[in-house]
Ligand SMILES: Cc1ncc(COP(=O)(O)O)c(C=O)c1O
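Numbering (this note's numbering), first residue to last: 2 to 358.
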């Protein structure tokens, strides 16, 4: 199995020798603060958040609260502007543009490819099986000498299912580069997390977000959990003040609201079961794929037409029929009961319309 030294040896040389930006407040953060060219007369708007001051670049309070929430150590945590920032950050640390490649397992979240393209990093693909699990032999075959990162997504977007734990461990044990496990939807199935496995696997980076179960997509707050030596580099290449004062504050408030979050997760999971049952009795719905997340992928003929017509009728869902193994599919986010009822009404209406010549 790979060691942390093997992993650190794969860091791009310019990053390995980078001197990160430092500010005076890394050394001193109290007293009369005349070090950062802030406005000593205060901010344009009233707020308790000291908006005339730069936010804490080290996210110390958030680190402590999130570490306690997830049962990991504060030095195993990186925070970014959504987990999308962490995806880009990890690529920039390990992949030399024009030289290295990363591996994805389609159908999967689209940003891995976009970030790879932005960074001029090649992409190889090892498609999931038709039941949306890892195809281990295909994945092993797709690993090349220059493959630095494998992106796995569990629960997977757009399919909703979690990956088999044994398969993910197999990848972690056999690949000598970084394995990212994107857990954006993990709070809907918390037993399936790999967060604590960072203790045993120095090549594991787990991504999480407050955008889904916490209902905080608007503040843009995502986390990476990994070996502290990897986290040190993730922190050193981020923009110093990547998280603003509103986000830091709202993140702390959200973590403290764990009872409300637990209720919302339960309600969404219950609603997913209900919606699934309702869809199941519509004969035209051919497949409802098993989901551990706050969305359902369904197969229905004329999916693209349904997608456009549904939006005309006021319900926006996502066409996913152009993704690998996802022919004629739609991805439906679980809404409130009223929203789901409206979705069902619209869907039934469109099915009728499509039947009438
Ligand atoms: C699998 C997956 N990862 C990451 C993200 C990005 O989340 P964030 O809002 O934290 O950037 C999403 C958003 O939809 C997602 O589906």
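For every residue, glycine included, the Cβ atom is placed at its ideal position computed from N, Cα and C. It should be emphasised that the depicted structure is a prediction, and the values quoted were computed from it without experimental measurement.
Cβ neighbours of residue i in the same chain (closer than 8 Å, five flanking residues each side left out)
i: residue 140; result: 104, 106, 127, 151, 172
i: residue 245; result: 56
i: residue 253; result: 62, 63, 66
i: residue 120; result: 89, 92, 93, 96, 98
i: residue 247; result: 50, 220
i: residue 1; result: Coverage of the chain is limited to positions 2 through 358, which leaves residue 1 absent and any answer about it impossible.
i: residue 249; result: 56, 57, 60, 62, 63
i: residue 239; result: 79, 81, 86, 90
According to DSSP, residues forming a beta bridge with residue i
i: residue 105; result: 126, 152
i: residue 320; result: 331
i: residue 71; result: According to DSSP, which records beta bridges pairwise, residue 71 is partnered with nothing at all.
i: residue 299; result: 289, 331
Own chain residues within Cβ distance below 7 Å of residue i, not counting five before or after
i: residue 168; result: 134, 135, 137
i: residue 174; result: 2
i: residue 276; result: 297, 335, 341
i: residue 122; result: 92, 96, 98, 101, 102, 103
i: residue 330; result: 298, 299, 300, 304, 321, 322
Contact test: residue i Cβ vs ligand 2 heavy atom, cutoff 7 Å
i: residue 218; result: Of the ligands this structure carries, namely ligand 1, none is ligand 2.
Contact set for residue i: own chain, Cβ-Cβ below 6 Å, skip 5 residues either direction
i: residue 285; result: 301, 352
i: residue 207; result: 182, 184, 195, 196, 226
i: residue 54; result: 39
i: residue 327; result: 108, 321
Euclidean distance between Cα positions of residue i and residue j
i: residue 338; j: residue 265; result: 13 Å
i: residue 332; j: residue 115; result: 20 Å
i: residue 18; j: residue 74; result: 25 Å
i: residue 288; j: residue 299; result: 5 Å
i: residue 90; j: residue 349; result: 44 Å
i: residue 221; j: residue 281; result: 35 Å
i: residue 156; j: residue 318; result: 19 Å
i: residue 58; j: residue 11; result: 26 Å
i: residue 198; j: residue 232; result: 15 Å
i: residue 180; j: residue 356; result: 47 Å
i: residue 258; j: residue 358; result: 53 Å
i: residue 1; j: residue 242; result: Summary: the structure shown does not reach residue 1, with the chain confined to residues 2 through 358, and so no result is reported for it.
i: residue 202; j: residue 170; result: 9 Å
i: residue 36; j: residue 48; result: 22 Å
i: residue 144; j: residue 347; result: 45 Å
i: residue 29; j: residue 344; result: 55 Å
i: residue 236; j: residue 191; result: 26 Å
i: residue 313; j: residue 129; result: 33 Å
Beta carbon proximity, residue i to chain C, threshold 8 Å
i: residue 273; result: The displayed structure is made up of one protein chain only, and chain C is not part of it.
Residue i in three-state terms, based on DSSP
i: residue 135; result: coil
i: residue 95; result: helix
i: residue 289; result: strand
i: residue 79; result: strand
i: residue 12; result: coil
i: residue 2; result: coil
i: residue 25; result: helix
i: residue 54; result: coil
i: residue 294; result: coil
i: residue 7; result: helix
i: residue 90; result: helix
i: residue 145; result: coil
i: residue 46; result: coil
i: residue 100; result: coil
i: residue 41; result: coil
i: residue 309; result: helix
i: residue 17; result: helix
Unbroken stretches of the alpha helix (DSSP H), 4 residues or longer, contained in the segment 165-229: With a minimum length of 4 residues, the continuous alpha helix (DSSP H) runs that stay inside the segment 165-229 are 166-175.
Every unbroken alpha helix (DSSP H) within the segment 242-273, with a cutoff of 4 residues, ordered by chain: The qualifying runs are 246-257.
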